[in-house]
Amino acid sequence: MSFAEIVDGPFWYFSATVFVIGVLWRLVGMLNMGSKTDFSTPRSSGSAAALSINITRFFPRADFWSRIRLQVVAGYLFHVGLFALLFFAAPHIEFYREYVTGFGWVALPEWAFILVSEIAFLGLMLLILHRMLNPVTRAISDRGDYIGSILIFLVMLTGCLALARSHEVLRVTHFFLAELLLVYFPFSALIHTFTFPFSRGFMGAHYGRRGVKV
Amino acid sequence: MAIDMNVFRGFAEQIKMLPQMARPTDCPDNERVKHAKAIFSTKIDASNATQLESCVHCGLCAEACQFYIQTEDPELTPIHKLDLLKRYYRREKAPLRWLHRLIEPDITEADLEATQHLVYESCTECGRCGLVCPMGIDIAAMVHVTREGLAHAGLIPAGLRAVEQEQGSRGTVFGVGPDQLRQAADELRAKGHEVPIDKDKADVLVLTSTIDVLLFKDALEATVKVMNHLGLDWTIHSCAFEGANFGLLSGYSEVQKSASERITSQAIALGARMVIVPECGHAYPALRWAGANAHGAPLPFEVMALSEFLGREVMAGRLQLNPIGADKHVTYHDPCKIGRHGGVFDEPRAVLQALGVDMREMPSNRTANFCCGGGAGLFVMEKAEPMRNAAFDLKRQQVEATGAGSVVTACGSCRINLMAGADRTHWGTRIESLVELVGDNLK
Ligand code: SF4
Ligand code: SF4
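For the record, the sequence lines run as chains S and R.
Residue numbering for the first sequence follows our numbering, starting at 156 and increasing by one per position.
Residue numbering for the second sequence follows our numbering, starting at 926 and increasing by one per position.
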């Protein structure tokens, strides 16, 4: 079996399985820890606040803006760009249609794909540079943060090159790296993709019961 | 009534003596880790777990913390204060614990000791960092869990330990018991106020705090005046008058529970429909939010912070005040534990509006307010002085940005910290209590 066949066959199934089981394992494990009943009389609804913080937290408070704008802008460039690439790049839609969903949807035109890739790259580069140069992020970052960022960078880079040149080696390399990322995902801080609604929700509910919009 | 600065300085000196009064803890050295772990194990729930797992190490939380902003010391990054808890969680509770055990060392006694400074002397559990975190990580809540672990490992800083031990063993704070309370009441009676103490039944149980009995007697007097003015059926009770809860501040849950249950059972015995918590920041969440959980059932009475009560009475038109006039320019400092942790923002502002003063908000106000720097017991921790000073300097800039000549607050510890800072920096801005302003201007 050639490397390309392994990447397209068994390694894809392996990585997808590790991803799905790993994410579920971690999520269920966390949520299973339960919480104690809070007997205090709430001032307002905790569940409504849990939902609302999940939306409001996408918009940083004006009070902090002048101190955090670089990270927020870079974060948005990267996340929005990545989201658009992941779900609206024509080859990805084709992949989902064939291997996951069975149906496809409207793709980004090529010029938009290039623009979105550049936005995502810019955001990611800014985030990595900030992580390395800012004394706070340098102090609190661990190896995993760098591994995750570098893997995503490489996946994005090989993806763009594969699209531009339509070269089989680049396609296989892109697939392989993406599969490595899937395997790495459940063991890393990338899990925040799935945990953030819960962490936000718990915090929103806690303060919401107290009548405080956080 | 102006505060006698000599009495204030004497009180500050007494606080400095606290570490010498602390007794050694009864936790043997070689059992500290075990005790801390036992607490972490029971306290970590799904909320903590998802939050500990969600951090992306973006560092935004540093940009909200008054201690980092003032010092720019990365060690004071809020999430870094949770490293110990995170390590425990990863190795012992996380779904991937088997993996973490391979790569991360276990926590040691030295780690516990190193964390003392981070969670006690460098964090007021003010909760501001939680407002900026994109993942919604409530760092303050988990700093508290860490404090609980350290407390049960016998690692509460000596100043705070002395007060916690006193409240735990004698039920008093700074030596103030029923005799000192009665003496303060007699002084007020001599001024012509009626001060009901130890009634058998009462509609409203009014708490006070040691700080008000010893130092801020104006706040106690004003509270008495307001209660009488409103014609309430109220009492102070000598068995349950202390609102401060040093069990909560230290993280020692046994003392927290006994201090709060003392009030709860007395209020139930009185048949009280309401308990009013004095101008003491943490006393409010200790009873209003944690009290029911210590009791194991919803509280059969309403708990109100004094500032909340005054605001509600003003809004309902029952409490009418003489306007002071708009040539008094004030700003309001929201005590974190009553504001951000308690939801009381509008009520004190309604009072200031009724007083007709020129109210000017600080650049960061209400939910985003900066802590005075003395919260969560930092005001009794000797080694926290640099942090308190740093936070005060930031607060001072915030107050000065308003151009107000007076900063009003509704928490005795905030008042102490602001006064100490003002004294240190020869700052002329007045520091006033909300209830004192009300007491002086009753219609
Ligand atoms: S802001 Fe939140 S996600 Fe970012 S480092 Fe701090 S705790 Fe972690
Ligand atoms: S709770 Fe307040 S003092 Fe503590 S880390 Fe957060 S912002 Fe800083």
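Where is the CB? At the ideal position from N, CA and C, for every residue including glycine.
As the structure is a prediction and not an experimental result, all values here were calculated from the model.
*Could you tell me whether any Cβ in chain S is nearer than 7 Å to the Cβ of Pro1223/R?*
Position 298 of the second sequence, counted from the start, is the residue given in the question as residue 1223/R. Closer than 7 Å to some Cβ of chain S, the Cβ of Pro1223/R qualifies, so yes.
_If I follow the unbroken alpha helix (DSSP H) through Ser1094/R, where does it start and stop?_
Position 169 of the second sequence, counted from the first residue, corresponds to residue 1094/R. Unbroken alpha helix (DSSP H) run through Ser1094/R: Ala1083 to Arg1095.
*Hey, Pro1020/R and Gly184/S: beta-carbon distance below 7 Å or not?*
For the purposes of this step, residue 1020/R is taken as residue 95 along the second sequence, with counting starting at 1. For the purposes of this step, residue 184/S is taken as residue 29 along the first sequence, with counting starting at 1. Their beta carbons are under 7 Å apart, which means Pro1020/R touches Gly184/S by this criterion.
_Going by C-alpha to C-alpha distance, which of Gly299/S, Phe331/S and Ile302/S sits closest to Gly314/S?_
The residue you call residue 314/S lines up with position 159 of the first sequence. Looking at the Cα atoms, Phe331/S is the closest of the given residues.
*What does Phe174/S touch in chain R if you count any residue whose Cβ is under 7 Å from its own?*
Start at 1 with the first residue of the first sequence, and residue 174/S comes out as number 19. Those within 7 Å of Phe174/S in chain R number zero; the least Cβ separation is about 14 Å.
*Can Ile1331/R and Val1255/R be called in contact, C-beta distance under 7 Å?*
Here the question's residue 1331/R lines up with position 406 in the second sequence. Here the question's residue 1255/R lines up with position 330 in the second sequence. Here residue 1331/R turns out to be Ser, not Ile, going by the sequence shown. Between Ser1331/R and Val1255/R, the C-beta spacing is below 7 Å.
*In angstroms, rounded to a whole number, what distance separates the CA positions of Leu1056/R and Glu1050/R?*
Translated into positions along the second sequence, residue 1056/R becomes position 131. Translated into positions along the second sequence, residue 1050/R becomes position 125. Those two C-alpha atoms are separated by around 13 Å.
*Compare the C-alpha of Tyr251/S against each of Arg212/S, Ala171/S and Leu279/S and name the closest.*
The residue you call residue 251/S lines up with position 96 of the first sequence. With distances taken between Cα atoms, Tyr251/S lies closest to Ala171/S.
*Count the other CB atoms, across all protein chains shown, that sit within 10 Å of the CB of Gly955/R; report buried if there are 16 or more and exposed otherwise.*
Stepping through the second sequence from its first residue, residue 955/R is reached at position 30. It is Asn, not Gly, that sits at residue 955/R in the sequence shown. For Asn955/R, the number of other beta carbons within 10 angstroms of its own is below 16, and it is reported as exposed.
*Contact set for Ala1076/R: own chain, Cβ-Cβ below 6 Å, skip 5 residues either direction*: In the second sequence, residue 1076/R corresponds to position 151, counting from 1. Closer than 6 Å at the Cβ level, and outside the excluded window around Ala1076/R, lie Ser1175, Gly1176 and Tyr1177.
*Going straight from the alpha carbon of Cys1297/R to that of Lys1142/R, what length do you get?*
Counting from one through the second sequence, the residue named residue 1297/R turns up at place 372. Counting from one through the second sequence, the residue named residue 1142/R turns up at place 217. Cα to Cα, Cys1297/R sits roughly 21 Å from Lys1142/R.
_Reduced DSSP secondary structure (H/G/I, E/B, other) of Arg212/S_ = Working through the first sequence from its first residue, we reach residue 212/S at position 57. Look at Arg212/S here: in three-state DSSP terms it is coil, with no helix or strand label.
*asked:* What I want to know is whether the C-beta of His982/R ends up closer than 6 Å to one or more non-hydrogen atoms of ligand 1.
replied: Position 57 of the second sequence holds residue 982/R. True, at least one ligand heavy atom lies under 6 Å from that Cβ.
*Kindly say whether Trp1214/R, judged by its beta-carbon, lies nearer than 7 Å to any beta-carbon of chain S.*
Numbered from its first residue, the second sequence carries residue 1214/R at position 289. Flagged as an interface residue toward chain S: Trp1214/R, by a C-beta distance shorter than 7 Å.
*What are the residues that DSSP puts in a beta bridge with Met1199/R?*
By one-based count along the second sequence, residue 1199/R stands at place 274. Its beta-bridge partners are Val1129/R and Glu1227/R.
*Run through DSSP, which three-state label would Ser1358/R get?*
Start at 1 with the first residue of the second sequence, and residue 1358/R comes out as number 433. Three-state DSSP puts Ser1358/R in a strand.
_Looking at Val1360/R: is its Cβ nearer than 7 Å to the Cβ of Ala1165/R?_
Looking up residue 1360/R in the second sequence gives position 435. Looking up residue 1165/R in the second sequence gives position 240. Going by C-beta atoms, Val1360/R is not nearer than 7 Å to Ala1165/R.
_Please report the distance separating the alpha-carbon of Leu282/S from that of Asp300/S._
Looking up residue 282/S in the first sequence gives position 127. Looking up residue 300/S in the first sequence gives position 145. Cα to Cα, Leu282/S sits roughly 11 Å from Asp300/S.
*asked:* Here's a check: name, in chain order, each residue in its chain whose Cβ is nearer than 8 Å to the Cβ of Asp1036/R, leaving out the five neighbours to either side.
replied: Start at 1 with the first residue of the second sequence, and residue 1036/R comes out as number 111. Listed in chain order, the non-local C-beta contacts of Asp1036/R below 8 Å within the same chain comprise Leu1009 and Arg1012, local neighbours out to five positions each way being set aside.
*Can you name the residues of chain S whose CB is closer than 7 Å to the CB of Gly1002/R?*
Within the second sequence, numbered from 1, the residue matching residue 1002/R stands at position 77. The displayed chain sequence assigns Thr, not Gly, to residue 1002/R. Simply Val291, Ala294 and Ile295.
_Using a Cβ-Cβ cutoff of 7 Å, what residues of the stretch 337-352 of chain S are near chain R? List them in chain order._
Cβ contacts with chain R: Phe342, Ala344, Ile346, His347, Thr350 and Phe351.
*Decide if Glu1073/R is buried, meaning its Cβ has at least 16 other Cβ atoms within 10 Å, or exposed.*
In the second sequence, the residue the question calls residue 1073/R occupies position 148. Label assigned to Glu1073/R: buried.
_For the pair the stretch 160-171 of chain S and the stretch 940-960 of chain R, tell me if three or more CB-CB distances fall below 8 Å._
Three or more beta-carbon pairs separated by less than 8 Å are not found between the stretch 160-171 of chain S and the stretch 940-960 of chain R, which leaves the two stretches without contact.
_Boundaries of the beta strand (DSSP E) in which Thr1334/R is found, first to last residue_ = Numbered from its first residue, the second sequence carries residue 1334/R at position 409. Counting along the chain, the beta strand (DSSP E) containing Thr1334/R begins and ends at Ser1331 to Thr1334.
*Quick one: which unbroken alpha helix (DSSP H) runs of 4-plus residues sit fully inside the stretch 279-333 of chain S? Chain order, please.*
Entirely contained in the stretch 279-333 of chain S, the alpha helix (DSSP H) runs reaching 4 residues are, in chain order, 290-295 and 298-320.
*Tell me whether Trp1159/R is buried or exposed, calling it buried when 16 or more other Cβ atoms sit within 10 Å of its Cβ.*
Within the second sequence, numbered from 1, the residue matching residue 1159/R stands at position 234. Trp1159/R is buried by the Cβ-count criterion.
*Kindly indicate which three-state DSSP category Glu1112/R falls into: helix, strand or coil?*
Position 187 of the second sequence, counting from 1, holds the residue named residue 1112/R. Here Glu1112/R carries a helix assignment [DSSP, helix/strand/coil].
*Look up Glu1167/R in the DSSP assignment and give the residues it is bridged to.*
Translated into positions along the second sequence, residue 1167/R becomes position 242. Answer is Thr1133/R, bridged to Glu1167/R.
*In angstroms with no decimal places, state the Cα-to-Cα distance between Leu237/S and Phe353/S.*
Counting from 1 along the first sequence, the entry for residue 237/S is found at position 82. Counting from 1 along the first sequence, the entry for residue 353/S is found at position 198. Those two C-alpha atoms are separated by around 22 Å.
*Just tell me which of Val1138/R, Cys1058/R, Ala1197/R and Gln1278/R has its CA closest to the CA of Val1436/R.*
Missing from the structure shown is residue 1436/R; chain R here goes from 926 to 1368 and no further.
_Length of the line joining the Cα atoms of Tyr350/S and Glu978/R_ = On the first sequence, residue 350/S is found 195 positions in, with the first residue counted as 1. On the second sequence, residue 978/R is found 53 positions in, with the first residue counted as 1. The residue asked about is misnamed: residue 350/S is Thr in this sequence, not Tyr. Roughly 7 Å between the two C-alpha positions.
_Buried or exposed (CB count within 10 angstroms, at least 16 for buried), Ser1134/R_ = One-based indexing of the second sequence puts residue 1134/R at position 209. When all chains shown are included, Ser1134/R counts as buried.
*Please classify Thr1327/R: is it buried, with 16 or more other beta-carbons within 10 angstroms of its beta-carbon, or exposed?*
Along the second sequence, one-based indexing puts residue 1327/R at 402. Around the beta carbon of Thr1327/R, 16 or more other beta carbons sit within 10 angstroms, so the residue counts as buried.
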